[in-house]
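Trainee: Next up is a structure, given as structure tokens.
Numbering (this note's numbering), first residue to last: 22 to 857.
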């Protein structure tokens with residue numbers, strides 16, 4: 022990555038034509054994104070990690086030679102020799118050999134099944150062992166030695182592939198270089214709760230290979246506390262060491278702790294040799310992050326063109342999100358500065374930890390740590406070294422920012438010298454200059470300044486800066502449609518277009534993508550009554566809608582019949598039990614008050630649904646961006662506290678809005694009194710009984726940022742409840758962005774809930790009758806999607822595991838027993854952006 026940045030930096034500068042560059046690369050792939058290495062496991066496509074322009078196509082001044090490992094440097098003759106026998110002369114040599122994974126000298130470290138986590142080839146080797154483990158059916162455990170950044174990445178990759186990871190870290194906490202004891206302890210608890218075994222404060226004593234009579238050999242990993250872990254593979258992620266062997270053999274000065282010793286110009290002890298990236302020990306210090314590496318590349322490019330650039334203070338900030346856990350560390354996170362002060366907010370209930378390190382007068386931010394919630398990172402990190410605009414506690418304490426858990430400061434509070442993108446050393450002033458020079462969107466800023474092109478954590482700040490600078494943002498759905506989702510909805514409604522191809526031909530360009538296709542499919546479903554697998558629409562659906570079932574982690578599918586309001590007949594209970602027995606399915610009563618059946622193969626789905634449909638049951642649409650469930654308590658019929666018939670209300674709501682396609686899934690709840698047993702205020706639409714009617718709540722959601730629903734109307738009768746919900750849902754469906762749930766929609770719409778109340782209750786836009794008529798058409802035209810499949814041989818034909826062998830069973834769908842329960846053996850499953 023750093024070598025590629027050097028070539029780019031050199032070639033982009035005036036006067037670079039005097040230099041001809043030869044790139045000698047050891048690997049078979051041109052420069053790729055090592056920071057995003059784990060994403061390779063999602064699809065195993067090498068091209069997705071390729072850095073832009075890594076083949077230098079069309080540049081006659083750059084020659085790229087792959088599989089050309091340099092074996093010797095002759096500084097006197099200025100020649101380098103490669104392993105394949107070729108020699109190359111140089112005027113100036115730039116060493117960008119990076120680092121290698123450190124493997125502790127543990128007995129057994131070189132046994133088959135032991136890996137490092139460094140290159141694409143390394144991951145291919147890990148993948149091969151995982152496939153063998155899954156096929157053999159033995160142990161499913163994998164051990165990662167090292168609990169730092171790379172170790173967590175490796176554990177995440179194992180978990181995503183269906184392996185049960187163990188993390189072994191010698192330090193008393195995870196991420197010891199970035200987090201203090203309290204932050205590391207919280208991170209450890211959160212990761213442990215996700216099913217990853219964490220062993221801290223222990224080392225690895227030995228690794229032994231054990232053979233078995235009826236299954237593959239395993240590795241016995243013995244820890245220093247005498248714990249023994251039986252594993253199918255071991256990954257060493259215990260740090261890196263600079264690849265300085267060429268420099269050593271060539272007689273260049275080496276730093277005390279390794280790495281090629283350079284000055285602040287990145288020049289080595291030989292004036293014609295420079296070192297950049299992880300191999301460079303700049304004034305004796307090696308930096309293991311891409312940001313400082315890129316800075317060193319820029320410095321050398323400038324020096325070769327007679328500039329005076331110097332390597333300044335390195336930004337060692339880190340932000341990552343693994344397994345749903347936010348972690349960030351920036352500046353002097355450990356408080357090593359003399360007389361520094363720390364402000365800490367540790368919330369064990371919300372599972373968040375925040376620490377700011379301040380100067381001795383509590384005015385200047387020196388660094389910080391965020392665990393569990395890193396939303397403030399984008400604003401805080403650029404403020405390192407600057408005077409704080411107010412009370413530091415307000416920056417990290419929810420109570421100091423209105424209770425929303427976010428800092429009240431925006432990008433406007435940052436000085437011009439604040440570094441917005443640490444990876445590429447881009448300041449706020451540079452971004453503002455680019456905006457003034459015509460950059461009007463995030464992509465333009467990325468192209469001009471390189472900000473946001475590495476780790477991507479600064480992209481939200483780029484958007485915020487554009488708004489702050491008064492630049493109107495494009496609402497284009499994607500590169501194929503300049504219109505927003507709401508605008509496309511209006512176009513479809515007005516023109517009567519019923520196919521994606523016609524809409525693309527008349528109002529778009531290109532061939533479409535995985536953003537616009539499912540979005541248009543949803544719009545077409547919301548505005549018409551055609552079956553979603555009818556004709557051209559079938560090709561637009563994501564994998565869940567494609568088979569009218571949710572794909573599970575092992576490649577099997579779930580079957581979820583509708584149970585309106587949780588009310589179910591005994592014969593339907595019996596039928597579900599019989600089906601689960603016949604097809605060997607795992608059954609689960611969900612929080613939405615219905616019974617899910619898991620583990621069906623795709624070819625079994627029609628036979629299962631035939632039994633359900635013939636018995637009068639229908640699809641619960643658990644797979645769709647549509648109404649899922651309406652939860653209810655037992656209401657006034659059975660509960661002595663019930664004030665209204667919540668069960669009937671829930672059943673009527675579910676039968677009215679079933680099959681309604683929307684930008685995202687919709688959930689509802691009905692409680693028969695204020696005791697709220699149905700948790701109605703945690704739903705998109707919630708109805709709670711009062712003594713004289715119903716209170717209607719809207720905009721509650723689960724997800725990454727749970728929201729309570731807000732009161733829209735109180736003490737209204739049943740007819741008004743339905744009328745207001747009709748209007749609310751239709752208003753949402755027409756105006757929300759793609760994949761936007763009701764809670765963020767309510768927050769994003771101008772005027773918020775007050776405006777929605779005016780539209781829904783007061784008919785301020787004069788659209789109430791139109792909304793109600795649209796909902797009436799949906800109700801009148803509703804048909805069960807699975808019945809539509811069973812009645813159509815052409816649609817049925819898609820439900821096979823293999824098109825060329827329709828009767829073959831899918832061998833990737835497998836299960837095991839754990840604690841007496843049937844559980845799936847996971848396989849990597851590709852998901853569209855819609856599903857993610």
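Every residue, glycine too, gets a C-beta built ideally from N, C-alpha and C. Bear in mind the structure is a predicted one, so any value in this text is a computation, not a measurement.
So, at 8 angstroms on beta carbons, what are the nonlocal neighbours of residue 279 in its own chain, with the 5 sequence-adjacent residues on each side left out?
Mentor: These residues qualify, in order along the chain: 262, 263, 265, 302, 307.
Trainee: Quick one: what does DSSP say residue 408 is sitting in, helix, strand or coil?
Mentor: Three-state result, residue 408: strand.
Trainee: Near residue 421, what residues of its chain come up, given a Cβ to Cβ distance below 8 angstroms and the 5 sequence neighbours on each side ignored?
Mentor: Residue confidence is low: residue 421 scores 38 on pLDDT, short of 50, so the model does not pin down where it sits. No coordinate-derived value is stated.
Trainee: Say whether the stretch 151–169 touches the stretch 184–195, bearing in mind that this needs 3 or more beta-carbon pairs closer than 8 angstroms, one atom from each stretch.
Mentor: Because the criterion of three Cβ pairs below 8 angstroms is met, the stretch 151–169 and the stretch 184–195 touch.
Trainee: At which residues does the beta strand (DSSP E) containing residue 438 begin and terminate?
Mentor: From DSSP, residue 438 is part of no beta strand (DSSP E); its letter is neither H nor E.
Trainee: The beta strand (DSSP E) spanning residue 206 covers which residue range?
Mentor: Per DSSP, residue 206 belongs to no beta strand (DSSP E); it is in the alpha helix (DSSP H), 202–213.
Trainee: Using a threshold of 8 angstroms, state whether the C-beta atoms of residue 788 and residue 745 are closer than that.
Mentor: Taking 8 angstroms as the Cβ cut-off, residue 788 and residue 745 do not qualify as a contacting pair.
Trainee: For residue 14, is the classification buried or exposed, using 16 other Cβ atoms within 10 angstroms of its Cβ as the cut-off for buried?
Mentor: With the chain represented from 22 up to 857, any question about residue 14 goes unanswered, as that position is not in the structure.
Trainee: Can you give me the Cβ contacts of residue 37 inside the same chain, cut-off strictly under 7 angstroms, excluding the 5 residues immediately before and after it?
Mentor: Excluding positions up to five away in sequence, the list reads 31, 326.
Trainee: So what does residue 731 bridge to, in DSSP terms?
Mentor: Residue 731 is bridged to 719.
Trainee: Would you list, in sequence order, the uninterrupted beta strand (DSSP E) runs of no fewer than 3 residues that lie entirely inside the stretch 640–698?
Mentor: If we require 3 residues or more, the beta strand (DSSP E) runs fully inside the stretch 640–698 come out as 648–653, 687–692.
Trainee: Would you say the stretch 619–626 touches the stretch 641–654, given that touching needs at least three Cβ pairs under 8 angstroms?
Mentor: Counting Cβ pairs under 8 angstroms, fewer than three are found: no touch.
Trainee: Who does residue 707 pair with in a DSSP beta bridge?
Mentor: For residue 707, which the question treats as bridged, DSSP gives the partners 690, 718.
Trainee: Among 388, 796, 579, which has the Cα closest to the Cα of residue 680?
Mentor: With distances taken between Cα atoms, residue 680 lies closest to 796.
Trainee: Rounded to the nearest angstrom, what separates residue 211 and residue 199 at their Cα positions?
Mentor: The alpha-carbon atoms of residue 211 and residue 199 are separated by roughly 17 angstroms.
Trainee: From this set, 337, 371, 552, 514, which residue's C-alpha is nearest residue 355's C-alpha?
Mentor: Out of 337, 371, 552, 514, 337 has the C-alpha closest to the C-alpha of residue 355.
Trainee: Tell me whether residue 28 sits in a helix, a strand or coil according to DSSP, three-state version.
Mentor: Correct three-state label for residue 28: helix.
Trainee: Compute the distance between the beta-carbons of residue 811 and residue 582, then report whether it is under 8 angstroms.
Mentor: Their beta carbons are not under 8 angstroms apart, which means residue 811 does not touch residue 582 by this criterion.
Trainee: Between which two residues does the alpha helix (DSSP H) holding residue 600 run?
Mentor: Note, residue 600: alpha helix (DSSP H), 591–604.
Trainee: Can you name the residues that DSSP bridges to residue 348?
Mentor: Residue 348 pairs with 341, 392.
Trainee: From which residue to which residue does the beta strand (DSSP E) around residue 609 run?
Mentor: 607–610 is the extent of the beta strand (DSSP E) around residue 609.
Trainee: Counting pairs of Cβ atoms below 8 angstroms between the stretch 129–137 and the stretch 216–234, do you hit three or more?
Mentor: The answer is yes - the stretch 216–234 touches the stretch 129–137, with three or more Cβ pairs under 8 angstroms.
Trainee: Quick one, which of 666, 439, 799, 91 has its alpha-carbon nearest residue 677's?
Mentor: Comparing Cα-Cα distances from residue 677 to each of 666, 439, 799, 91, the minimum goes to 799.
Trainee: Tell me the rounded alpha-carbon separation between residue 33 and residue 525.
Mentor: Spanning the two alpha carbons is a distance of roughly 38 angstroms.
Trainee: So for residue 449, helix, strand or coil by DSSP?
Mentor: Residue state, collapsed to three classes: helix.
Trainee: Per DSSP, residue 464 forms a beta bridge with which residues?
Mentor: Residue 464 is not bridged to any residue.
Trainee: Does the Cβ-Cβ distance between residue 231 and residue 158 come in under 8 angstroms?
Mentor: For residue 231 and residue 158, no; Cβs fall outside 8 angstroms.
Trainee: Determine the burial state of residue 666: buried for a count of at least 16 other Cβ atoms within 10 Å of its Cβ, exposed for fewer.
Mentor: So residue 666 counts as buried.
Trainee: What number of angstroms, rounded off, separates the C-alpha of residue 866 from the C-alpha of residue 312?
Mentor: This structure gives no information on residue 866, because the portion of the chain shown stretches from 22 to 857.
Trainee: Please state whether DSSP places residue 421 in a helix, a strand or coil.
Mentor: Residue placement at residue 421 is poorly supported in this model, since its pLDDT is 38, which falls under 50; the coordinates are not used for a value here.
Trainee: Indicate the three-state DSSP secondary structure (helix, strand or coil) for residue 754 in the structure shown.
Mentor: Three-state DSSP puts residue 754 in a helix.
Trainee: Assign residue 907 to one of three DSSP states: helix, strand, or coil.
Mentor: Summary: the structure shown does not reach residue 907, with the chain confined to residues 22 through 857, and so no result is reported for it.
Trainee: Exposed or buried, residue 591, counting other C-beta atoms within 10 Å across all chains shown (16 or more means buried)?
Mentor: Classification for residue 591: exposed.
Trainee: If you follow the beta strand (DSSP E) that residue 821 is part of, which residue opens it and which one closes it?
Mentor: That residue, residue 821, is in no beta strand (DSSP E); it is neither H nor E in DSSP.
Trainee: Tell me whether residue 160 is buried or exposed, calling it buried when 16 or more other Cβ atoms sit within 10 Å of its Cβ.
Mentor: The residue in question, residue 160, is buried, as its Cβ has 16 or more Cβ neighbours within 10 Å.
Trainee: Pairs of beta-carbons, one from the stretch 95–111 and one from the stretch 52–68, closer than 8 angstroms: are there three or more?
Mentor: Result no; under three Cβ-Cβ pairs closer than 8 angstroms.
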